[in-house]
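K.L.:
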Amino acid sequence: MPLLDFFLGLALGITICLCQRWWLDRQIHRLLNMLLPEAMSVDLPMFSRLRRAIALSKQHQQDQAQQIKTWQEIVQLAPVGFLQVDGENQLLWCNQQAQKLLRIHPNWRQGHTQLLIALVRSYELDQLIEQTRIAQQPQVQEWLFYPFSQDAEEIGDRLGVTLRGYSCLLPDGDIGVFLENRQPLVNLTQSRNQWVSDLAHELRTPLTSIQLVVEMLQGRLDSSWNQRLERVLHEINRLIQLVKDWLELSLMEVAPSEHLSCKPLNLSALIHSVWQTLEPIANQKQLTLNYSGPDNLLVEADETRLYRVFLNIFDNSIRYSPRDSQIYAVVTPLMPKTSDLVQRSPVASPVASPVASPVASTVQIDIIDAGSGFTEADLSSVFDRFYRADSSRTKQAILGKNISNNGNSLPMNTGTGLGLAIVKQIVEAHGGSISAQNHPEIGGAWLKIWLPKVSLSAK
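Per my numbering, the sequence shown runs over residues 131 to 589.
1. Look at the Cβ atom of Leu-590, then the Cβ atom of Val-343, and state whether they are nearer than 7 Å.
2. Would you give the residue range spanned by the alpha helix (DSSP H) that Tyr-253 belongs to?
3. Report all residues from its chain with a CB closer than 7 Å to the CB of Lys-525; omit the five preceding and five following residues, and keep chain order.
4. Exposed or buried, what is Phe-513 when buried is set at 16 or more other beta-carbons lying within 10 Å of its beta-carbon?
5. How about Leu-419 and Val-493: do their beta carbons lie closer than 7 Å?
6. Assuming Ser-380 contacts Ser-327 (C-beta within less than 8 Å), just tell me the rounded distance between them.
7. Are the segment 383-402 and the segment 348-355 touching by the rule of at least three beta carbon pairs closer than 8 Å?
8. Quick check: the Cα distance between Gly-573 and Gln-261, rounded to an integer number of angstroms?
9. If we count the other Cβ atoms within 10 Å of its Cβ and call it buried at 16 or more, is Gly-303 buried or exposed?
10. Could you tell me whether the Cβ atoms of Pro-268 and Ser-297 are closer together than 7 Å?
11. If you follow the beta strand (DSSP E) that Gly-211 is part of, which residue opens it and which one closes it?
12. From the DSSP output, which residues share a beta bridge with Gln-494?
13. Nearest-angstrom Cα distance between Ala-551 and Arg-515?
14. Determine, using beta carbons only, whether Val-429 and Val-584 come nearer to each other than 7 Å.
15. With a Cβ-Cβ cutoff of 7 Å, do Asn-568 and Gly-503 count as a contact?
16. Using CA coordinates, which residue listed in Met-382, Leu-231, Arg-160 and Asn-426 is at the minimum distance from Val-461?
17. Quick one: is Val-404 buried, meaning 16 or more other Cβ sit within 10 Å of its Cβ, or exposed?
18. Could you check the C-alpha separation between Asp-375 and Arg-438 for me, to the nearest Å?
19. Please name the residue or residues paired with Ile-564 in a DSSP beta bridge.
20. For His-560, count neighbouring Cβ atoms within 10 angstroms of its own Cβ and tell me buried if that reaches 16, exposed if not.
21. Alpha carbons only, please: which of Ser-391, Pro-463, Gln-456 and Leu-347 is nearest the one belonging to Thr-434?
22. Quick one: is Asn-543 buried, meaning 16 or more other Cβ sit within 10 Å of its Cβ, or exposed?
23. Might you give, ordered along the chain, the residues of its own chain that have their beta carbon closer than 7 Å to the beta carbon of Thr-300, omitting 5 neighbours on each side?
24. What's the C-alpha gap between Ala-330 and Arg-233?
25. If you run the structure through DSSP and keep just helix, strand and coil, what is Val-512?
26. Spatial neighbours of Ile-497 within its chain, please: CB distance less than 6 Å, with the 5 preceding and 5 following residues excluded, ordered by chain position.
27. For Val-270 and Asn-413, I'd like the C-alpha separation in whole angstroms.
28. Whole angstroms is fine: what's the gap from Leu-148's alpha carbon to Pro-132's?
29. Please classify Gly-295 as buried or exposed, where buried requires at least 16 other C-beta atoms within 10 Å of its C-beta.
30. My guess is that Gln-341 and Leu-309 are in contact by the Cβ rule of under 8 Å, so how many angstroms apart are they, rounded?
31. Restricting to Cα atoms, I'd like to know which of Glu-218, Asn-219 and Gln-229 is closest to Phe-212.
32. What does a CB cutoff of less than 7 Å around Gly-562 pick up in its chain, not counting 5 residues either side in sequence?
33. Can you list the beta strand (DSSP E) stretches of 3 or more residues lying completely in the segment 375-450, in chain order?
34. Report the rounded CA-to-CA distance for Thr-338 versus Ile-370, giving the unit in angstroms.
35. Reducing DSSP to helix, strand and coil, say where Asn-356 ends up.
36. Measuring CB to CB, does Ser-447 end up less than 7 Å from Asp-499?
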């Protein structure tokens with residue numbers, strides 16, 4: 131009986147041992163498959179393959195660490211800033227340029243994770259990172275960054291820096307942000323604009339004097355000189371208009387809201403008033419205005435400035451429209467919860483407007499012509515100062531023009547290249563925005579303007 135118990139215990143022990151060995155082999159097999167799948171095909175004992183896999187895995191980790199170190203050294207010397215945050219917005223790593231731009235304390239070192247907001251007080255940077263997480267795609271944002279300091283005197287001495295951030299998605303929920311210092315470009319642009327403004331001020335008085343002299347000579351010289359004097363006078367008027375346009379831009383750029391005299395304006399009446407001014411020119415090309423929108427829409431705006439906006443845009447549309455065509459003006463009140471109407475594309479004709487409502491807070495104004503539109507290369511530059519359209523669009527305007535203003539020069543007809551730049555400046559001074567594209571159905575230029583502070587008058 132004791133012998134039977136011994137053999138039963140021995141059999142049970144061997145069975146347990148074999149089960150443990152099978153379980154251990156299975157675990158090692160899984161570990162090998164995870165560490166190095168190609169090691170499974172090597173004809174070696176299990177533990178030899180395991181040692182080989184561990185050695186190869188260590189070598190692979192060392193190679194990856196070396197690659198990471200190499201790339202970090204490259205990014206460290208890059209002329210743009212770069213920072214990396216984890217899913218909890220803790221700063222994991224940044225290069226020297228980012229530390230310099232964001233004024234991160236020099237005592238911070240990689241490996242000492244800390245919340246980004248504790249190191250950099252920038253709401254815009256936090257928003258850029260958050261928008262990247264929400265959209266799950268790269269984002270771009272530009273802002274004016276003011277370094278934080280607890281010393282009041284130091285805060286007064288520090289100037290803002292214009293930064294542009296480019297965010298990207300990284301593995302494990304991390305976010306990377308490249309930072310570009312735009313301040314040198316901003317300073318250069320401001321210096322250039324100041325130089326041109328000073329030049330415009332200096333030219334205004336002598337140009338006016340020359341204009342008076344030429345006008346006086348027109349009645350005193352032989353008729354054979356009249357045509358030449360008219361050319362000279364036309365060029366002088368063009369230069370005077372250029373000076374006025376530039377001074378207008380400079381004035382609106384320095385303190386836009388201070389130079390506005392806003393009051394409730396009937397938008398429909400203003401648009402039709404501008405068209406009546408340009409109608410003699412439009413009639414020479416048999417152009418008509420197709421207006422669609424409420425007649426009782428009021429917008430809080432400066433009448434003179436907003437008149438200038440539509441004058442410049444309509445004049446441009448007339449110049450580039452083919453004969454016997456229409457120019458569309460579509461006015462759409464946007465409700466607080468229907469901002470998706472902004473992307474609505476007005477159809478060619480007729481253009482239907484939504485039912486007007488007294489709760490409208492924004493108005494969208496679409497102005498569409500039947501010309502050749504903008505090229506893709508020009509779309510990003512149409513609102514730049516001294517912008518000139520591509521040759522094909524300009525040629526179309528020249529062929530269809532042949533229009534005389536009877537000595538009354540209009541802003542866009544002078545060809546100063548500042549018309550749309552002034553439009554953009556005035557619209558933004560009113561708290562609105564403007565964009566340009568080509569209409570998908572008509573094919574012509576499509577300018578979209580959004581203006582706030584809208585209401586509806588009772589008829």
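For every residue, glycine included, the Cβ atom is placed at its ideal position computed from N, Cα and C.
P.N.:
The relevant details are as follows:
1. There is simply no residue 590 to check, as the chain begins at 131 and stops at 589 in what is shown.
2. 253-265
3. Below a pLDDT of 50, predicted positions are generally treated as unreliable, and Lys-525, at 46, falls in that range; the measurement from the model is reported next regardless. Once the five neighbours on either side are set aside, Lys-525 has no close Cβ partner at all.
4. buried
5. no
6. 4 Å
7. no
8. 34 Å
9. exposed
10. yes
11. 211-215
12. Thr-462 and Trp-580
13. 6 Å
14. yes
15. yes
16. Asn-426
17. buried
18. 11 Å
19. Ile-579
20. buried
21. Ser-391
22. Note on Asn-543: pLDDT 44, under 50, position unreliable in the model; no value is reported.
23. Note that residue 300 is Leu in the sequence shown, not Thr. These residues qualify, in order along the chain: Gln-214 and Gly-306.
24. 39 Å
25. coil
26. Ile-443, Ala-459 and Leu-577
27. 45 Å
28. 24 Å
29. buried
30. The Cβ separation is near 50 Å, so there is no contact.
31. Gln-229
32. Ile-579, Trp-580, Leu-581 and Pro-582
33. 392-396, 418-422 and 427-432
34. 7 Å
35. helix
36. yes
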